[in-house]
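Notes follow once the structure below has been shown.
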Amino acid sequence: MTEAARAPVDVFAKARNHDRREQLEAAREQDLLPYFRVLTSEAGPVVEMEGRETIMLGSNNYLGLTGDERVKQAARDALEAYGTGLTGSRLLNGTTPLHLELERELAEWMGTEQAIVFTTGHQANVGCIGTILGPSDTVICDSADHASILDGCKLSGARLRPFRHNRMAKLERMLERAADDGGGVLVIVDGVFSMEGDLCDLPAVVELSERHGARLMVDEAHAVGVLGARGAGASELFGLEDRVDLRMGTFSKSLASCGGFIAGPAEVIDYLRIASRPFIFTASAVPAAVGAALAALRIIRAEGPELMGRLLDNARYLRRGLHDLGLAVVEPGSLPDGSEATTPVVPVVVGEDWQAVLLWKALFDAGVYTNVAIHPAVPPGGALLRTSLMATHERSHLDRALEIIGRTVEAFPELPRQG
Ligand SMILES: Cc1ncc(COP(=O)(O)O)c(C=O)c1O
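So for the sequence shown, our numbering puts the first residue at 34; every next one is plus one.
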């Protein structure tokens, strides 16, 4: 063996030579980086970012409850009662009465036997999928499923069979192939896809999963507190709650906090409590986060229809406005009666990554914050400017944002336009 062949490989080499490095440095040098911008106020419809007033069209605070006095008070009460942190796992010294109340009320809300609360939504997905699946199983995922779902699949070692986003013929083909894999089969979809903001074709997914004897899990992160009469998500909206085996939700969006949950049959939830490593081997969420999520849940259960109505009206209004500007707004999909769905995520197709970054910066400088989704969050060449709404946006905020967007896009003649 030569000297060179024996030279040790530095595991830090990828940090120095990764394929995004040049782009990142160029963006940083020109102050174009759309990430890690500093928020210096509450995450409301209008925020202060880097010292400037900015219309927030990039938050997941869908119902605006992070600023609700009752939610804040519940966080303070939990802090006073249980201190700043629990410093241990749910399994050992990290379960308070707040966790138990929250789990009981989540299960009631979802209409399931039980629910289990994790420290983040990411951990809920990883900790559920990585535990109930093993290397002899097959997992079938939509290509636009959230990264935490893929992380759970990887952890499980199950055979991954992805299908093209929302293409039901492709899902069917994967289910047929999975039949020969020999293990159990789990289909996992997002109820509302996080970047594209479109609705899953859940009736078709349910029908195909049942026909092929597969279990079904729906990630309702962007749908709980948003869709369905009770706000129980896409499964409720489609009237399919009792035909979805497992539902995941997060507290980091409409529930105005941080944390996540899995709702489903008692036997599975009980198993997760003693077998899920991302549940057991991490500290419980801080009490204030649990208290805030519980208060937000109670508000949603009592006042949800009004808040969700305002949120979805705002989403329709912005969608129409962006459409009228000629922009290529991603289609949200349709409801069983054929009417167009509405979700709080309203993305505009930009196409090329660099153009998306330039447009993002021009809007940021003009006083509108949006989120940029570039590869790998979306397929190559499919960069999006992702806008999202809150129930607390007023029409004046949206009109002002539309006026700024209309003015700004004039400098971007290459932008894809409505077909
Ligand atoms: C669809 C989806 N699932 C799961 C998660 C993870 O949730 P959390 O932010 O609570 O970790 C997110 C959040 O980004 C999401 O968008």
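We put the beta carbon where it would ideally sit given N, CA and C, even for glycine.
Residue i: CB within 7 angstroms of a non-hydrogen atom of ligand 1
i	result
residue 315	no
residue 198	no
residue 254	yes
residue 176	no
residue 153	yes
residue 404	no
residue 158	yes
residue 132	no
residue 215	no
residue 74	no
residue 420	no
residue 26	As shown, the chain starts at 34 and ends at 452. That puts residue 26 outside it, with no answer to give.
residue 223	yes
residue 189	no
residue 366	no
residue 163	no
residue 181	yes
residue 287	no
residue 242	no
residue 293	yes
residue 290	no
residue 92	no
residue 227	yes
Pairwise C-alpha distance: residue j and residue i
i	j	result
residue 100	residue 76	8 angstroms
residue 303	residue 123	13 angstroms
residue 65	residue 383	16 angstroms
residue 61	residue 397	15 angstroms
residue 81	residue 400	10 angstroms
residue 191	residue 371	36 angstroms
residue 94	residue 180	20 angstroms
residue 147	residue 136	7 angstroms
residue 30	residue 113	Given that the chain is displayed from residue 34 to residue 452, the structure contains no residue 30 and the question cannot be resolved.
residue 51	residue 132	41 angstroms
residue 447	residue 54	26 angstroms
residue 68	residue 354	26 angstroms
residue 85	residue 160	40 angstroms
residue 297	residue 249	11 angstroms
residue 215	residue 168	11 angstroms
residue 337	residue 422	16 angstroms
residue 358	residue 219	42 angstroms
residue 439	residue 425	22 angstroms
residue 47	residue 58	15 angstroms
residue 236	residue 244	12 angstroms
residue 224	residue 271	10 angstroms
residue 345	residue 352	10 angstroms
residue 444	residue 435	15 angstroms
residue 121	residue 289	23 angstroms
residue 186	residue 241	21 angstroms
Per DSSP, cross-strand counterpart(s) of residue i
i	result
residue 380	419
residue 341	In the DSSP output, where bridge partners are listed per residue, residue 341 has none listed.
residue 367	373
residue 195	174
residue 147	297
residue 86	81
residue 281	252, 295
residue 450	360
residue 404	419
residue 218	171
residue 260	DSSP output for residue 260 lists no bridge partner at all.
residue 355	None, per the DSSP bridge assignment.
residue 386	Answer is none; residue 386 lacks a bridge partner.
residue 265	257
residue 72	82
residue 319	Answer is none; residue 319 lacks a bridge partner.
residue 225	232
heavy atom of ligand 2 below 7 angstroms from residue i C-beta
i	result
residue 303	Of the ligands one can find in the structure shown, namely ligand 1, none is ligand 2.
Item to check | the region 261-278 contacting the region 139-152, beta-carbon criterion three pairs below 8 angstroms | outcome: Here the region 261-278 lies against the region 139-152, with 3 or more beta-carbon pairs under 8 angstroms apart.
Checklist entry - Are the region 316-331 and the region 193-204 in contact at 8 angstroms, needing three or more beta carbon pairs? => result Proximity of the region 316-331 to the region 193-204 falls short of the contact definition, fewer than three beta-carbon pairs being nearer than 8 angstroms.
Next on the checklist: Counting beta carbon pairs with one atom in the region 201-211 and one in the region 165-180, are three or more of them shorter than 8 angstroms?
Outcome noted: yes
Next on the checklist: Between the region 355-369 and the region 388-396, can you find at least three pairs of beta-carbon atoms closer than 8 angstroms?
Outcome noted: no
Checklist entry - Taking contact to mean at least 3 C-beta pairs separated by less than 8 angstroms, is the region 264-282 in contact with the region 237-254? => result Touching, per the Cβ criterion.
Checklist entry - For the region 326-343 against the region 301-317, are there 3 or more C-beta pairs whose distance is under 8 angstroms? => result no
Next on the checklist: Using a Cβ distance threshold of 8 angstroms, determine whether the region 217-231 contacts the region 373-382, with at least three qualifying pairs required.
Outcome noted: yes
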